[in-house]
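All remarks here apply to the structure that follows.
Number of protein chains: 4
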Amino acid sequence: MENRKLRGGMIGGGIGSFIGPVHRMAAIMDGQAEYVCGAFSSDPKKSKKSGKTLYLNPSRVYTDYKEMLKKEASLPSDQKIDFVSIVTPNVFHFDMARVFLEAGVNVVCDKPMTMTLAEAKKLKSIVEKSGKVFALTYTYTGYPMVKQARYMVRQGLLGKINKVVVEYPQGWLANRLEGKGSSLSIWRMDPKMAGAAGCIGDIGTHAENLARYITGLEVEKLCADLTHFIPGNRLEDDGSILVNYKGDVKGSISASQISTGEENGLNIRIYGTKLGLYWNQENPNYLVIKSPEGYSTTYSKGNPILCQDTQSASRLPFGHPEGFIEAMANIYLAVFKAIRAGSTSGCDYPTVDDGVTGMAFIETVLTSAASDKKWVRMLK
Amino acid sequence: MENRKLRGGMIGGGIGSFIGPVHRMAAIMDGQAEYVCGAFSSDPKKSKKSGKTLYLNPSRVYTDYKEMLKKEASLPSDQKIDFVSIVTPNVFHFDMARVFLEAGVNVVCDKPMTMTLAEAKKLKSIVEKSGKVFALTYTYTGYPMVKQARYMVRQGLLGKINKVVVEYPQGWLANRLEGKGSSLSIWRMDPKMAGAAGCIGDIGTHAENLARYITGLEVEKLCADLTHFIPGNRLEDDGSILVNYKGDVKGSISASQISTGEENGLNIRIYGTKLGLYWNQENPNYLVIKSPEGYSTTYSKGNPILCQDTQSASRLPFGHPEGFIEAMANIYLAVFKAIRAGSTSGCDYPTVDDGVTGMAFIETVLTSAASDKKWVRMLK
Amino acid sequence: MENRKLRGGMIGGGIGSFIGPVHRMAAIMDGQAEYVCGAFSSDPKKSKKSGKTLYLNPSRVYTDYKEMLKKEASLPSDQKIDFVSIVTPNVFHFDMARVFLEAGVNVVCDKPMTMTLAEAKKLKSIVEKSGKVFALTYTYTGYPMVKQARYMVRQGLLGKINKVVVEYPQGWLANRLEGKGSSLSIWRMDPKMAGAAGCIGDIGTHAENLARYITGLEVEKLCADLTHFIPGNRLEDDGSILVNYKGDVKGSISASQISTGEENGLNIRIYGTKLGLYWNQENPNYLVIKSPEGYSTTYSKGNPILCQDTQSASRLPFGHPEGFIEAMANIYLAVFKAIRAGSTSGCDYPTVDDGVTGMAFIETVLTSAASDKKWVRMLK
Amino acid sequence: MENRKLRGGMIGGGIGSFIGPVHRMAAIMDGQAEYVCGAFSSDPKKSKKSGKTLYLNPSRVYTDYKEMLKKEASLPSDQKIDFVSIVTPNVFHFDMARVFLEAGVNVVCDKPMTMTLAEAKKLKSIVEKSGKVFALTYTYTGYPMVKQARYMVRQGLLGKINKVVVEYPQGWLANRLEGKGSSLSIWRMDPKMAGAAGCIGDIGTHAENLARYITGLEVEKLCADLTHFIPGNRLEDDGSILVNYKGDVKGSISASQISTGEENGLNIRIYGTKLGLYWNQENPNYLVIKSPEGYSTTYSKGNPILCQDTQSASRLPFGHPEGFIEAMANIYLAVFKAIRAGSTSGCDYPTVDDGVTGMAFIETVLTSAASDKKWVRMLK
């Protein structure tokens, strides 16, 4: 591939969006790519205005992803996009990803991947047939110290893993408990847009994915208790799940949007026969290793003592905090590396397989929540 | 009652014991009581030696609690003991408490209270018949900031409670995972001494008790997953429990002795419709209240802004740390107040009712762990 | 100005540089600017290679800033650069800034601004004559919660300020104490490249600037104790300074590169008659306000309760960490706003005046360190 | 000495006192001693009432320490006191200690030891002549993890020490800044009762003592800036001090009572050529060791990995917090050990030499504060 920045398009993410700008900052901050087109909204005015604030050529700002695909396909090859970022509500992910993959465009897609497990499996075969890069933004796996955790667990430094506790408490819907509204929340609480799960789909999948990324453990069976506390909510806003992982490992996963006063408290604890481990997303540049001998060790990012993947995932020396945008930028860098190389080998980003497992997890949790039986086996 | 220090006896707690000295320091530090006799060990040499290090009259050092009861009963009334502290393995609690209560001696007993729920109920009627003080050392409820948490929840400052998460991770058995021994652990892992439960009896009951002390919530039904990770362990060393409290409150309780690198990490989070709350036993002088408005407030002990019970439970000004011994001393102070007053009214210590609930909790958890059904109702 | 990204050039910051990439990421991440040219190194190979990794047109990659200025000036106006980022050792700052300002190019320059106070004053008149934007990257003032601190102090919420404690401990030179080398450190320890000060110039000025940014306080007189612990070091690597600010405010500033095990621990505490304040660069998304009533309040970024400047300086919702790059990007955004508006009014970035004060601070500290008198008045 | 509890008397510390009860709890909690007499107040009613709450024989409750000495001296030897605890305002310390020492009674005295350095030196020769135990309650040196810090520094694990930073911020006088009163503060702000120094005497000496206890370093010269912020205050309520220790070690000591919102924030950082160290009194059971390799290690009390002195100074297993009372109790235990052994060898408590150095420090700081010269040599 010639020596140039990659060209991207975006679907969704117009003015007022939370995740759209994050994708854009993450994709461009390392100077490896630029956005050249987008369908930022189905509202023409909004999409146009979004394109203008991004200094895009107005002719490459669309209202419909199919129109975008068609028009962009007709451009000369030195203008064509290399990848598209899909940052819409869940309901649209599948078809958007499908058409761009089939047109030979690499895809970065927000999670959860699809509306159903069946759809997820279909998408998997589409990705495989396409030969294109498909990445899912399980952003938290992009943090340097998560990679260090993965390294230490995979190297066996913790011994045999016995127990994994992952929590994802948020409290942003708490005001709705008190009957106050919040427009931000609308589509995530609408089954037609978000799918059959609420907080389990939105954040529970992050928790499952984080544990699996670090440990490699697969859920064997689980037992879920889901609740919707918010009056009128059709989807669960809180869930606690007992988990049995394969290999005689016990665990629990919890996710909540009504944990009043919590912000974005994803955290994980892993206990092995030799050491314990703790990482917390809100203080992401540190990793705590707990010894049974009476001390704990806090590693901080940016130091040569860390594994190569962790060092590579950090842009700044120690003591200079990095955050969520940089974590997502690490996923984009891995995607760009794969696109430039024409091969995904050695490129560390969440894949369509992670998306399939995520959808299987969601459906298993929903099945368990509706069941009187204690254990439900993980769906495949 | 005349103006004098109260006189106490101790059963168990000889040289090498962990909890015996804690009871002694807690009972005497405020200058309200002194120990005058004890049966510190069934080994005569050990009991004698223990008595000597405590500067006791050798004639009042025994090897058997029944002998102690008999001999002490024959002493003149200005030498007789006002209370006895029972700090032996669980198997002995019931009978020791019984005989002293029936002899008119007030009792402070370690937890869990008995070996079975049936025994616990019997003890309850014995206590009631005796008219004596019976206190159980659920020590963590003696911390000043736990009392503040209770006050704030009970006053409704958190709004309607939706969710309660209590964890009690320890890692002190981790070395046994690796096949190394630890004499400290012996009786707690022996069903004949400890009862049918391992970590649930030893520390899980603390977790249940702490949540109930603060919130007043009663478990309606639960779903438990227990494990024994340590090779050869006949009792569980790890447990995760989904809990439904009465009043549509969700929760979880976990207890573990194999969480490598954890020390004594009892902690609780409570989420109401208005505020969230966090307290951690290892940093006990602080209470965190989380607001959904974007800030959290950390209250520290020893300040006039706190409720009266919290202020009374603190011996030092702000900024001067207090710890576990002082927490237990608060329980003893409440016991002494009740003994002096001849009435338990307004005396805040854990009672035989807490003991009955604790045993019901243990048996319900064991029932659930053995069941294929998701939910088991709390035994009565 | 037309609707387009701004165009920038860079001097210094080639492969291996720490601060060059930070400027680039900060300048481009918001999609407001792109770099189109640079003189990344005086080594032609290194500069060329750097340009290539940035996908620059090779014809716009230079080895000399004067050559770059001359060639770029000859380009048509729709290619000309709007700003230049100067990220070289201190010795070059003055002349580089001078020539670009005189050529009508806006300048963003690393700190400390110049080699001497005299040079700084000269640069100030050059900036004023030019009418161009000149910004100095006192990056820490770009953090959202630093802006909140400033707001709260300036609004009088802390009452009358009595005391300000700023510390900037680093330990990165510690290995040199033990006789081990570190190439990173070379030019910062060379008076010809760094100027007459070592850690006071490199990080002490950040500390002084942070305190002044938040409180508006000006140093009246100071008393400095400087040390060079590292064998052979010609510049101080540690300094402790007593400060009297105007308005009867006491303070202290310390800076160190030999505080073994510290990373980049800039932190500030401010005590007023009503409240105290604490902020720490290594955990930058939180601001602690301490009440004398027995509680402290921790505000976290991304919440509507914060002042408008703080909210604007944050790109993500609460609970999603932001870091050092985003802090610097906030400075670039303010610069870009000023360039687009053709006016610096309402644009919050560190100016040439901050640079002059910084150099006055450095020279006053050096004067004090060499003096037997207790107090030395701040130079003007 | 026969096998019995030691007998103590107390001077000062009546109802309403802060430090009196702390001494009592500390002295008796380990079952090694009991108080049998006291002159708790010069107000007879108050002293009598205090004696009653302590269940003392009314005939041994006094209003005057000389009367107490005389009456107690006439008691049979099996009732005589072994030690006296002096917990009055500073002005009385010297004479009280003198008369009891001369009467052959061991003394535990609150700090600062005397009103002047000259008095301190006199007391030193009185102590030496008496052959009795004289201990000063620099309580913070009784914490287990302070002993661990001392051990690690003295063993050379930190390498050669370069820098020591000790801070003792309090904010309890902050309300007086706002013109509100506080009876607690009266005598400490009265030069006739407290001596020539305010916060330097009350808490600055703790800071100096802590640094010296851990490192063994002696102040060579210092430079102090003292302030009284509180209107009408005759003594300083804030001080910042540059310190040069012997052996080319730099440091700073600060003490403040107007640091609004701080509680009792004594903390120390020590930087050697190999490692850094941090300990904070408000979280006393942990000791942080900072490595230049990118990690810090937090040791917690109660673990076998710690040095023998630290283990001996802890009464509970890891994870069970200990606090200020236990720290002081460690000092009393060392005193009791010395009394029983009739020798101070191997007994780790603060001595009259610490008191002399403390008074020398206070007078040197006051001299420096009044001087225009930068450095004042430590008085002897």
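Residue numbers (our numbering), protein chains in the order written: chain A, 1 to 380; chain B, 381 to 760; chain C, 761 to 1140; chain D, 1141 to 1520. All residues carry an ideal CB built from backbone N, CA and C; glycine is no exception.
With a 10 Å radius around its C-beta and 16 neighbouring C-beta atoms as the bar for buried, classify residue i as buried or exposed.
i	result
I1502/D	buried
I963/C	buried
F860/C	buried
V1085/C	It is Ile, not Val, that sits at residue 1085/C in the sequence shown. When all chains shown are included, I1085/C counts as buried.
I566/B	exposed
M1/A	exposed
G1135/D	The displayed coordinates of chain D run from 1141 to 1520. Any statement about residue 1135/D would go beyond what the structure contains.
E482/B	exposed
D1113/C	exposed
R695/B	buried
Helix, strand or coil: which one does DSSP assign to residue i?
i	result
L101/A	helix
E888/C	helix
N935/C	helix
R1029/C	strand
Y213/A	helix
I583/B	helix
I1122/C	helix
T731/B	coil
I1301/D	strand
Y712/B	helix
Can you pull the DSSP bridge partners for residue i?
i	result
S634/B	E547/B, S620/B
R757/B	K601/B
S671/B	Y675/B
T137/A	Note: T137/A sits in no beta bridge, so no partner.
Y1038/C	R1029/C, V1048/C
T367/A	Its beta-bridge partners do not exist; DSSP assigns none.
S85/A	M10/A, V108/A
Y245/A	V219/A, V249/A
S680/B	Y666/B
L986/C	G999/C
Hey, would you say residue i sits closer than 8 angstroms to residue j, going by beta carbons?
i	j	result
Y349/A	A334/A	yes
A587/B	V629/B	no
V22/A	C37/A	no
M189/A	L235/A	yes
P804/C	G811/C	no
K1264/D	V1496/D	yes
Y825/C	M856/C	yes
message: Contact between the stretch 834–851 of chain C and the stretch 868–884 of chain C is defined here as three or more beta-carbon pairs at a separation below 8 angstroms; is this criterion met?
response: yes
- prompt: Do the stretch 902–913 of chain C and the stretch 1058–1067 of chain C make contact, defined as three or more Cβ pairs closer than 8 angstroms?
  reply: yes
- prompt: So, do the stretch 1405–1413 of chain D and the stretch 1264–1272 of chain D have three or more beta carbon pairs nearer to each other than 8 angstroms?
  reply: no
query: Do the stretch 1007–1023 of chain C and the stretch 950–961 of chain C make contact, defined as three or more Cβ pairs closer than 8 angstroms?
result: yes
- request: May I ask you to verify whether the stretch 355–369 of chain A touches the stretch 205–225 of chain A, counting CB pairs closer than 8 angstroms and requiring at least 3?
  value: yes
message: Closer than 8 angstroms is the cut-off here; do at least three beta carbon pairs connect the stretch 22–36 of chain A with the stretch 788–807 of chain C?
response: yes
message: Measuring CB atoms only, is the stretch 531–538 of chain B touching the stretch 651–659 of chain B, in the sense that at least three cross pairs come out at less than 8 angstroms?
response: yes
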